[in-house]
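Visitor: Structure incoming, see below.
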Amino acid sequence: MSPALTVLYAGAEAPDPEELAAATGVPVVTSARQLSAVVSRHAAAVADGADPLVTVVPAGTGRDLTSVTQAAQALRWLVSHGQRACLAGSLANATYTVARLRHHLRQRPAGTDAVVFLARSVDPFADAELVRRVRLARQYSDDLEVELAFEGDGAWPVLDDVLARLRTLGATSPVVVRADLGLTGEGEPLFRPRALQTAVATVAAEARHLAGHGDDGIDAGLLADHDQGFAHSHGDEDEVGGHTHPHSHGHSHSHGHSHSHGHSHSHGHSHGHSHGHSHAHPHGYDTTTGED
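Take any residue in the sequence shown, note its place counting from 1, add 9, and you have its number in the numbering used here.
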């Protein structure tokens with residue numbers, strides 16, 4: 010039987026879909042329409058004996074939860090029309106991403122006095138998550154200026170401003186490194202092609218394993234971005250007429266997709282009423298180094 014189809018679903022964290030497809034050897038789509046077209050072509054191969062299961066891997070580092078939900082919505086439609094499909098965890102998760110950020114800090118070229126991590130802006134909450142990751146990666150790199158810049162509409166701070174600030178601080182040899190799945194343009198890629206290929210194979214295999222046990226990941230993916238956004242940010246209570254009105258959602262959905270792949274992949278959402286399924290399947294992929 011021919012191999013099952015794996016597809017990467019690219020959102021804001023994968024600004025170079027064509028290059029990502031070339032690096033991974035896996036089809037990359039950026040919309041539900043494109044996904045449907047790829048699946049339709051796969052249907053012909055199924056008639057010739059290919060595995061009918063389609064596995065979709067969100068092409069990101071787990072920050073762009075909106076694209077995870079969009080992928081899940083597309084898969085729900087395909088499943089409702091008879092297609093066998095499952096949704097994997099993101100290509101890389103926070104732990105693996107921080108390990109790669111730290112790797113680039115430690116393996117910087119001789120003479121480098123500053124590193125700027127550069128990523129496509131997703132939204133304020135996803136961008137704030139990257140600030141957290143860079144802070145963790147920077148730990149124990151006190152001899153180095155480490156900054157973060159974003160690109161895209163409304164991005165802040167932008168690369169030119171960050172480089173100018175570093176020059177003001179006396180940096181003369183800054184290095185730019187991607188903090189997303191960007192493979193072209195400004196900055197050294199965060200992941201090498203071999204690491205991307207391994208990550209795709211790992212999360213896809215995990216998703217197919219879970220699908221074989223009745224969990225296709227789609228329901229969890231539909232709620233991936235449920236708690237992200239200002240509507241769910243309750244740092245200040247609502248005050249009306251001098252009274253405080255705390256509000257609770259009254260339900261929390263703990264979907265527990267904690268896929269420990271060495272770089273464990275979570276669908277990134279915990280909502281509170283527990284559906285009672287938690288899956289942890291270590292694959293032995295080294296999260297501390299990710300690659301050599």
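In this text, a Cβ means the ideal position worked out from N, Cα and C, and glycines have one as well. Keep in mind it's a predicted model, so treat the numbers as computed, not measured.
For residue 139, I'd like the list of residues in its chain whose CB is within less than 7 Å of its CB, leaving aside the five on either flank, ordered along the chain.
Guide: Position 130 of the sequence shown holds residue 139. Hits under 7 Å: 72, 128, 157 and 188.
Visitor: On the CB-based measure, 16 or more other CB atoms within 10 Å of its CB, does residue 22 come out buried or exposed?
Guide: Translated into positions along the sequence shown, residue 22 becomes position 13. Buried: at least 16 other Cβ atoms inside 10 Å.
Visitor: Look at residue 375 and residue 155 and say whether their C-beta atoms are less than 8 Å apart.
Guide: Only positions 10 to 301 of the chain appear in the structure, and residue 375 is not among them; the question remains open.
Visitor: Tell me where the beta strand (DSSP E) around residue 126 begins and ends.
Guide: For the purposes of this step, residue 126 is identified with residue 117 of the sequence shown, where counting begins at 1. From DSSP, the beta strand (DSSP E) with residue 126 extends over 123-129.
Visitor: Go ahead and pull the three-state DSSP assignment for residue 272.
Guide: On the sequence shown, position 263 is the one that residue 272 refers to. Residue confidence is low: residue 272 scores 45 on pLDDT, short of 50, so the model does not pin down where it sits. No coordinate-derived value is stated.
Visitor: Tell me which same chain residues have a C-beta within less than 8 Å of the C-beta of residue 107, skipping the five on either side of it?
Guide: Translated into positions along the sequence shown, residue 107 becomes position 98. Hits under 8 Å: 142, 145 and 146.
Visitor: For the beta strand (DSSP E) holding residue 187, just list the boundary residues, first then last.
Guide: On the sequence shown, position 178 is the one that residue 187 refers to. Its beta strand (DSSP E) spans residues 183-187.
Visitor: If you compare alpha carbons, which of 87, 96, 47 and 75 is closest to residue 209?
Guide: Within the sequence shown, numbered from 1, the residue matching residue 209 stands at position 200. Measuring from the Cα of residue 209, the nearest candidate turns out to be 96.
Visitor: Please list, in chain order, all residues of the same chain as residue 29 whose beta carbon is under 7 Å from its beta carbon, the five residues on each side excluded.
Guide: Position 20 of the sequence shown, counting from 1, holds the residue named residue 29. So the qualifying residues of the chain are 17, 19, 23, 37, 68, 190 and 192.
Visitor: Beta carbon of residue 63, beta carbon of residue 41: below 8 Å?
Guide: Against the sequence shown, residue 63 aligns to sequence position 54. Against the sequence shown, residue 41 aligns to sequence position 32. Not closer than 8 Å, so no.
Visitor: Going by DSSP, name the residue or residues bridged to residue 156.
Guide: Looking up residue 156 in the sequence shown gives position 147. In DSSP, residue 156 forms a bridge with 125.
Visitor: Comparing alpha-carbon positions, which option in 54, 49 and 110 lies nearest residue 84?
Guide: Within the sequence shown, residue 84 is the residue found at index 75, counting from 1. When only C-alpha atoms are compared, the closest one is 49.
Visitor: For a quick check, are the C-beta atoms of residue 122 and residue 76 less than 8 Å apart?
Guide: Residue numbering aside, residue 122 sits at position 113 when the sequence shown is read from its first letter. Residue numbering aside, residue 76 sits at position 67 when the sequence shown is read from its first letter. No; because the gap between Cβ atoms is not below 8 Å, this pair is not in contact.
Visitor: Taking 8 Å as the threshold (C-beta atoms), are residue 206 and residue 34 in contact?
Guide: Your numbering for residue 34 matches position 25 in the sequence shown. Your numbering for residue 206 matches position 197 in the sequence shown. Yes, the Cβ-Cβ distance between residue 34 and residue 206 is below 8 Å.
Visitor: Given residue 178, which residues of its chain have a CB within under 7 Å of its CB, disregarding the five upstream and five downstream residues?
Guide: In the sequence shown, counting from the first residue as 1, residue 178 sits at position 169. Excluding residues within five positions, the ones whose Cβ falls inside 7 Å are 154.
Visitor: If you reduce the DSSP assignment to three classes, tell me which class residue 35 lands in.
Guide: Mapped onto the sequence shown, residue 35 falls at position 26. In this structure, residue 35 counts as coil in the three-state DSSP scheme.
Visitor: If the criterion is Cβ atoms closer than 8 Å, does the pair residue 126 and residue 110 meet it?
Guide: The count along the sequence shown starts at 1 and reaches residue 126 at position 117. The count along the sequence shown starts at 1 and reaches residue 110 at position 101. The answer is yes: Cβ separation under 8 Å.
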